[in-house]
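Peer 1: In the UniProt record's numbering, the protein residues as written are 1 to 231.
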Amino acid sequence: MVVNVVNYAYHLIMGRVLGPVNYGVLASIFSILYLISVVPSSASVSIVKFISSAKGNGEVYSVYRSLSRFVFILAGITSLVFMTFSPFVAKFLRIENISIVAMVSFVLFFSLITLVNQASSQGLLKFSGLVVPNLVSAVVKLGLGITLVLLGWSVFGAIFAVVVGAVLSYLYSRWFIKRVLTGKSSKFFNLKPFFKYSIPVLVQAFAFTSLFTTDLILVKHFLPEFEAGIY
């Protein structure tokens, strides 16, 4: 609830201090982030399932270690691919500053590796490890974002604050999960059941999220800057 209020305040205040044109840029970037967030949100459901069904601390650690290594590699590859194509994304959205789009890759990377820690905490019924990272990210995004925009950093400052929030969110989630994972195991968890369970969830989540994000991306591409910001 608190996180939702902070996120709402973020967009309300940013719309005021950035103005229609720059807020249109920010909104299009967040539409990309919302689409990308489909991956962690759908994968987290699967991680919670497999962590909660694991028997004993050793098996929990085995599942966590296997998933965290896989997600780390996936996050690295996905982030590099997005950064490579960021000039084309910026051109499609008519954003002159390519670095604004490129920073999304950093948010993507840290969001993905954070989700393993958050979902594992949820599966272990340690809900502080789920809630606090989201709160840290939201508060930093709001406080630092407003500060940087007022200092003249404009949209770059707003997105940079999101990156900083994502990094701090990961650091807390990592610290928390290391405290609650007490077991040790040298075995690796077979990821095939995880993939089988995750793919249908991913498709459903992506289809649903597209309903309220695709329009903003298309509006930013086709409409003039001011009208896109008003939309």
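Cβ atoms here follow ideal geometry from the backbone N, Cα and C, with glycine treated the same way.
#1: Asn97: which of Ser28, Phe156, Tyr8 and Ile36 sits nearest, CA to CA?
#2: Could you tell me whether the segment 166-175 touches the segment 114-125, where touching means 3 or more Cβ pairs closer than 8 Å?
#3: Given a cut-off of 9 Å on the beta-carbon distance, is the pair Leu33 and Val162 in contact?
#4: Quick check: the Cα distance between Val89 and Ile159, rounded to an integer number of angstroms?
#5: From Leu168 to Val136, what does the alpha carbon distance come to, in whole angstroms?
#6: Compute the Euclidean distance between the alpha carbons of Leu124 and Arg179, then round it to the nearest angstrom.
#7: Just the Cα atoms here: how many angstroms apart are Val21 and Ser42?
#8: Classify Leu150 as buried or exposed, calling it buried when 16 or more other Cβ atoms lie within 10 Å of its own Cβ.
#9: Where does Leu26 fall in DSSP's three states?
#10: Helix, strand or coil for Phe106? Go by DSSP, reduced to three states.
#11: Straight-line CA distance for Leu130 to Ile47?
#12: Go to Ser37, then tell me how far its alpha helix (DSSP H) extends in each direction, as first and last residue.
#13: Taking only three categories from DSSP, how would you classify residue 232?
#14: Which residues in the same chain as Val6 place their Cβ atom closer than 7 Å to its Cβ, once the five residues preceding and following it in sequence are excluded?
#15: Taking the alpha helix (DSSP H) that Trp175 belongs to, which residues open and close that run?
#16: For Lys126 and Val60, I'd like the C-alpha separation in whole angstroms.
#17: Do you know offhand how far Pro133's Cα is from Leu12's?
#18: What separation, rounded to the nearest whole angstrom, lies between the Cα atoms of Leu108 and Leu35?
#19: So, Leu191 versus Ser66, is the Cβ gap smaller than 9 Å?
#20: I need the straight-line Cα distance from Lys49 to Gly76, nearest angstrom please.
#21: By the DSSP assignment, the alpha helix (DSSP H) with Ile146 in it spans what residues?
#22: Classify Ser53 as buried or exposed, calling it buried when 16 or more other Cβ atoms lie within 10 Å of its own Cβ.
Peer 2: Per the coordinate set shown:
#1: Here the closest residue by C-alpha is Phe156.
#2: They touch, by the three-pair rule.
#3: Yes, Cβ-Cβ distance for Leu33 and Val162 is below 9 Å.
#4: C-alpha separation (whole angstroms): 16 Å.
#5: Those two C-alpha atoms are separated by around 7 Å.
#6: Roughly 12 Å separates the two Cα atoms.
#7: Put simply, the backbone Cα of Val21 is about 33 Å away from that of Ser42.
#8: The residue in question, Leu150, is exposed, as its Cβ has fewer than 16 Cβ neighbours within 10 Å.
#9: Of the three classes helix, strand and coil, the one that applies to Leu26 here is helix, per DSSP.
#10: Correct three-state label for Phe106: helix.
#11: Going by C-alpha positions, Leu130 is about 13 Å away from Ile47.
#12: Counting along the chain, Ser37 falls outside any alpha helix (DSSP H), and DSSP gives it neither H nor E.
#13: Given a span of 1 to 231 for the chain in the structure shown, any question on residue 232 remains unanswerable.
#14: For Val6, where only same-chain residues beyond five positions count, the Cβ hits under 7 Å are Ala138, Val139 and Leu142.
#15: Looking at the DSSP string, the run of the alpha helix (DSSP H) that includes Trp175 is Ser154 to Val180.
#16: Taking the straight line joining both Cα atoms gives about 14 Å.
#17: Distance between the alpha carbons of Pro133 and Leu12: 22 Å.
#18: Cα to Cα, the separation comes out at about 11 Å.
#19: It is a contact, given that the beta carbons lie within the stated cut-off.
#20: Pairing Lys49 with Gly76, the inter-Cα distance amounts to about 24 Å.
#21: Segment Ser128 to Leu148, the alpha helix (DSSP H) holding Ile146.
#22: If you draw a 10 Å sphere on the C-beta of Ser53, you find fewer than 16 other C-beta atoms in it, and that means exposed.
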